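Quick notes on the structure that follows.
Residue numbers (my numbering), protein chains in the order written: chain W, 379 to 872; chain R, 26 to 506.
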């Protein structure tokens with residue numbers, strides 16, 4: 379009976395679950411709030427499963443399409459659908475939401491219901507971003523998700539949370555407002571339509587394309603985030619609670635990258651081709667320079683935040699190689715980074731819950747007290763460094779291959795990540811886990827409990843599975859990516 | 026005889042309100058302090074009765090009455106219904122506040138209803154004389170309302186400023202009207218429009234008149250550089266009066282502007298468009314930037330009003346039905362948000378305590394999660410963040426501006442609204458991130474809480490389903506032009 383509205387369910391089940399969690403009220407009912415949230419998150423994941431089982435990998439057309447008039451006054455539709463690019467991201471998001479709810483189980487003791495509800499509502503909104511095929515609908519979800527994230531960072535964050543929340547919100551709002559103007563302009567250029575697929579075929583002059591390219595680039599570049607508009611990310615990550623960091627790194631950054639594929643490349647192909655050098659330069663700076671910045675960090679969360687920026691640089695680099703290998707590599711990297719960064723932030727969360735410090739220097743010799751944890755942490759650190767057989771390797775390798783075909787030096791600079799990534803991640807790992815115990819509090823730390831093993835174990839399976847056999851992922855994407863690149867190859871100049 | 030009645034029938038709601046005001050004036054004079062609620066109940070009944078009359082005779086096409094002075098069209102009927110709604114909400118929010126400050130007397134209700142009558146005349150005017158009559162009836166009532174708290178020196182000062190500047194603005198408006206009369210030989214909007222469409226060689230007096238009219242309108246709207254009175258009046262007036270001034274009169278002012286510029290001076294759009302562009306950009310800039318520096322919430326919202334009026338002008342300056350429709354949507358949404366946010370100050374205030382400092386909202390989420398959530402919705406709506414309805418209001422005016430090719434203006438508008446987002450976010454920050462320094466229980470009465478809940482949720486529900494209100498605006502403008 380719900381066969382026709384799977385995407386609506388994927389969006390609205392978490393949101394309604396969030397409202398239900400809010401209804402449990404004050405912290406006296408915290409236990410109920412947690413269980414309702416878990417049930418909601420699991421249900422949200424279960425309703426997303428038919429997207430995989432019923433997905434047709436042989437077509438690039440939108441699937442599970444739903445379309446209804448929403449605001450006829452402006453020809454705006456409630457128009458949903460997924461292709462091989464967006465479907466995996468929805469699944470990733472629904473999956474991560476479950477982990478986030480479990481991760482916050484004991485740590486969050488203050489305003490539990492509001493915390494859980496914020497994550498659930500945000501999860502629904504993010505699914506909406508990936509599923510929306512109407513520009514304004516996309517914008518509503520894209521902006522709407524800022525509200526819960528603002529509250530998550532600001533209410534449950536660290537000491538400097540207010541600054542981080544404001545910076546994050548205003549940065550992203552700046553980009554999206556210019557995107558809104560571009561969308562309105564597209565509305566008139568396309569003869570009165572907010573339909574994204576119609577925009578894919580709208581002819582546009584070079585000046586308009588160039589201006590809109592920068593507007594969209596700002597909107598999505600801030601979210602990705604690309605150098606030099608990345609500065610909000612380390613602040614937000616450091617101050618956010620563990621769950622907030624996980625969602626930020628694993629999901630919201632993907633929203634920006636997704637925007638490149640859904641908007642910039644197909645709507646503005648000529649400007650994209652013309653200005654590819656610009657994006658490639660920024661991406662390479664992110665990979666190389668931010669990698670060096672990460673090396674210098676003393677705060678673990680900040681280190682992983684900078685490493686995220688470097689990894690996302692790979693994603694945008696891959697997209698602007700304009701080859702199936704590059705785009706698919708970027709997409710694989712996005713999903714892999716979703717798993718790996720989530721896992722690393724959860725690992726830091728595990729340590730933080732015990733010692734209440736994120737400083738590398740406060741740790742050392744952890745392996746003596748937490749051997750199981752050290753093993754998990756090792757795997758994720760290796761994945762972050764791009765070790766073969768982990769998911770981190772696949773995407774990076776594909777992007778580097780694609781870059782080699784275009785220009786050797788692109789590939790050369792990009793490949794420095796294999797050294798830098800290994801350097802900053804493993805050096806941090808060494809200082810935290812090995813050596814002798816210098817801080818007496820580390821002596822008191824206990825190893826991971828069953829709940830933490832469950833979360834980290836599931837993520838470890840994902841990381842290894844994707845590293846050993848990535849074909850299912852690339853199969854899902856392939857047809858959509860080829861179709862996308864066919865669009866990009868076509869000039870839209872009048 | 027029957028002809029006489031047909032002439033008056035379209036003005037039945039106005040006649041009813043006038044009769045009821047006279048009745049309330051007499052009744053209230055006859056009862057003692059323990060029965061003041063009679064005036065309150067009668068006033069609400071008056072508004073309800075007027076709403077019934079307007080809805081019953083809802084017009085499908087424009088009907089001129091009273092010898093061309095008065096027009097009854099879908100635009101006026103829709104706007105009147107929203108005026109009733111907002112005036113009655115003001116009364117419910119204000120009751121406790123007024124009682125605690127010794128203002129719960131017939132005076133307030135009589136003045137509020139006279140102001141309502143003035144606004145009704147304004148939205149239904151089709152003639153410079155009726156427009157002016159309605160405006161003055163509204164303005165004089167508002168001056169008196171601001172000054173109603175006799176022992177407050179700030180309020181008296183605010184009333185004085187309001188009166189002097191308001192009178193100046195009225196003078197300018199009249200001067201401009203007389204110029205237009207000189208050019209066209211008529212005071213009726215339809216005749217003026219006809220006359221100007223046929224062409225005139227009296228360009229200089231015409232443009233001169235338009236300048237004065239636009240300046241007068243800008244004064245009344247509070248658009249920069251004619252905005253000086255707004256922060257002082259909003260700040261100085263008792264909050265219940267601020268709530269009143271900040272809501273319904275904006276709707277009436279919209280009608281006033283659209284009647285004069287959109288209907289009377291329609292053919293001169295190239296003359297007044299550039300003036301409005303300047304007013305709009307300055308209002309958005311000054312309003313949003315000055316609001317950041319405020320520590321008093323009423324003053325901050327006053328500057329925010331200035332910026333919102335700038336945004337609303339964007340729709341009007343498009344000079345198209347699409348533009349007027351979007352401006353109408355904007356002003357209705359603005360009135361809704363304004364009611365909610367000033368109403369929240371009233372709800373949090375109690376005897377001897379005004380919750381009008383920003384710091385009074387600190388930690389509201391701990392004191393009352395529900396009220397904090399409603400205020401959160403209102404603030405995000407003001408900032409134009411979806412899914413709150415404020416976003417669609419901004420979307421509507423922006424697309425009207427882009428349609429006429431003023432993309433740069435749309436870009437400027439969104440950049441100023443980014444600045445604006447900062448101070449709305451600050452309210453959310455105070456409510457959610459900070460701990461309260463005032464922990465006394467919130468003593469709002471149940472009916473005000475219910476209305477506030479409806480008010481706040483309306484912002485969200487209209488944000489998820491904006492179509493009905495948009496359709497109403499499109500229809501009202503389409504059927505009246």
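Built from N, CA and C at the ideal position, the CB exists for glycine as well.
Since we're looking at a predicted model, the values are computed, not measured.
Count the other CB atoms, across all protein chains shown, that sit within 10 Å of the CB of residue 488 of chain W; report buried if there are 16 or more and exposed otherwise.
By the 10 Å Cβ count, residue 488 of chain W comes out exposed.
Looking at chain R, which residues of the region 532-550 of chain W have a Cβ within less than 8 Å of any of its Cβ atoms?
Going along the region 532-550 of chain W in chain order, one finds 532, 533, 539, 540, 543, 544, 547 and 548 with a Cβ nearer than 8 Å to chain R.
Where residue 825 of chain W falls: helix, strand or coil (DSSP)
For residue 825 of chain W, the three-state secondary structure derived from DSSP is coil.
Measuring CA to CA, which of R/171, R/229 and R/284 is closest to residue 215 of chain R?
Per the Cα distances, R/284.
Alpha-carbon spacing of residue 314 of chain R relative to residue 406 of chain W, whole angstroms:
A straight-line Cα-Cα distance of about 43 Å links residue 314 of chain R and residue 406 of chain W.
Minimum length 4: unbroken alpha helix (DSSP H) runs contained in the region 723-808 of chain W:
Runs of alpha helix (DSSP H) with 4 or more residues, each lying fully within the region 723-808 of chain W, are found at 744-747, 749-763 and 769-784, listed in chain order.
Give me the Cα-Cα distance between residue 862 of chain W and residue 372 of chain R, rounded to the nearest whole angstrom.
Their backbone Cα atoms lie some 55 Å apart in a straight line.
What does the alpha-carbon distance come out to for the pair residue 140 of chain R and residue 530 of chain W?
Using only the alpha carbons, I get a separation of about 45 Å.
Does any residue of chain W have a CB that is nearer than 8 Å to the CB of residue 332 of chain R?
In terms of beta-carbon proximity, residue 332 of chain R stays away from the interface with chain W, with every pair separated by 8 Å or more.
Name the chain R residues whose beta carbon is nearer than 8 Å to that of residue 559 of chain W?
Against chain R, a Cβ distance below 8 Å from residue 559 of chain W picks out 423, 427, 432, 435, 436 and 439.
Taking 8 Å as the CB-CB cut-off, is residue 130 of chain R touching chain W?
Nearest CB-CB separation between residue 130 of chain R and chain W: not below the 8 Å threshold.
Three or more C-beta pairs under 8 Å: does that hold for the region 459-470 of chain R against the region 382-396 of chain R?
Cβ pair count under 8 Å is three or more, so yes.
Among R/248, R/109 and R/403, the one whose alpha carbon lies nearest that of residue 78 of chain R:
If we check each option's Cα against that of residue 78 of chain R, R/109 comes out closest.
What separation, rounded to the nearest whole angstrom, lies between the Cα atoms of residue 429 of chain R and residue 566 of chain W?
So the alpha carbons of these two residues sit roughly 10 Å apart.
Distance, residue 448 of chain R Cα to residue 671 of chain W Cα
Taking the straight line joining both Cα atoms gives about 33 Å.
Around the C-beta of residue 431 of chain W, are 16 or more other C-beta atoms found within 10 angstroms, so that it is buried, or is it exposed?
It counts as exposed.
Tell me the rounded alpha-carbon separation between residue 28 of chain R and residue 569 of chain W.
Cα to Cα, the separation comes out at about 49 Å.
Which residue from W/678, W/463, W/439 and W/773 puts its Cα closest to that of residue 613 of chain W?
Measuring C-alpha to C-alpha distances from residue 613 of chain W to each of W/678, W/463, W/439 and W/773 identifies W/678 as the nearest.
Start and end of the alpha helix (DSSP H) containing residue 102 of chain R?
Going by DSSP, residue 102 of chain R is part of the alpha helix (DSSP H) stretching over 99-125.
Check whether chain W comes within 8 Å of residue 405 of chain R, counting only Cβ atoms and requiring the distance to be less than that.
Yes, because at least one Cβ of chain W sits closer than 8 Å to the Cβ of residue 405 of chain R.
Residue 406 of chain R versus R/38, R/172 and R/450, residue with shortest Cα-Cα distance
Residue 406 of chain R has its Cα closest to that of R/450, out of R/38, R/172 and R/450.
If we ignore side chains and look at the alpha-carbon of each, how far apart do residue 136 of chain R and residue 458 of chain W end up?
Residue 136 of chain R and residue 458 of chain W: Cα-Cα distance of roughly 52 Å.
Classify residue 459 of chain W as helix, strand or coil using the three-state DSSP reduction.
Strand.
If we count the other Cβ atoms within 10 Å of its Cβ and call it buried at 16 or more, is residue 853 of chain W buried or exposed?
That one is exposed.
Does DSSP put residue 860 of chain W in a helix, a strand or coil?
Of the three classes helix, strand and coil, the one that applies to residue 860 of chain W here is helix, per DSSP.
List the residues of chain W whose Cβ lies closer than 7 Å to the Cβ of residue 62 of chain R, in chain order.
Within chain W, no residue comes near residue 62 of chain R; the closest Cβ sits about 34 Å away, beyond 7 Å.
Between residue 41 of chain R and residue 163 of chain R, what straight-line distance do the alpha-carbon atoms span, to the nearest angstrom?
It is roughly 17 Å from the alpha-carbon of residue 41 of chain R to the alpha-carbon of residue 163 of chain R.
Assign residue 749 of chain W to one of two classes, buried (16 or more other C-beta atoms within 10 Å of its C-beta) or exposed (fewer than that).
The Cβ neighbour count for residue 749 of chain W, taken over all protein chains shown within 10 Å, is under 16; the residue is labelled exposed.
Please say whether residue 797 of chain W and residue 789 of chain W have beta carbons closer to each other than 8 Å?
No; because the gap between Cβ atoms is not below 8 Å, this pair is not in contact.
The region 111-118 of chain R / the region 265-280 of chain R touching (three or more Cβ pairs under 8 Å):
The region 111-118 of chain R, when compared against the region 265-280 of chain R, does touch it at the 8 Å Cβ threshold.
With C-beta atoms as the reference, is residue 761 of chain W less than 8 Å away from residue 841 of chain W?
Cβ distance < 8 Å, so residue 761 of chain W and residue 841 of chain W count as in contact.
Let me check you understand the geometry: is the CB of residue 617 of chain W closer than 7 Å to at least one non-hydrogen atom of the ligand ADP?
The ligand ADP is not part of the structure shown, which contains no ligands of any sort.
Residue 58 of chain R by DSSP, collapsed to three states: which one?
Helix at residue 58 of chain R.
When we look at the beta-carbon of residue 793 of chain W and count the other beta-carbons within 10 Å, is it buried (16 or more) or exposed?
With 16 or more neighbouring CB atoms inside 10 Å of its own CB, residue 793 of chain W falls in the buried class.
So the candidates are W/467, W/481, W/528 and W/809; which of them puts its Cα closest to the Cα of residue 640 of chain W?
Nearest of W/467, W/481, W/528 and W/809 to residue 640 of chain W, Cα basis: W/467.
By the DSSP assignment, the beta strand (DSSP E) with residue 448 of chain W in it spans what residues?
For residue 448 of chain W, the uninterrupted beta strand (DSSP E) segment begins and ends at 441-449.
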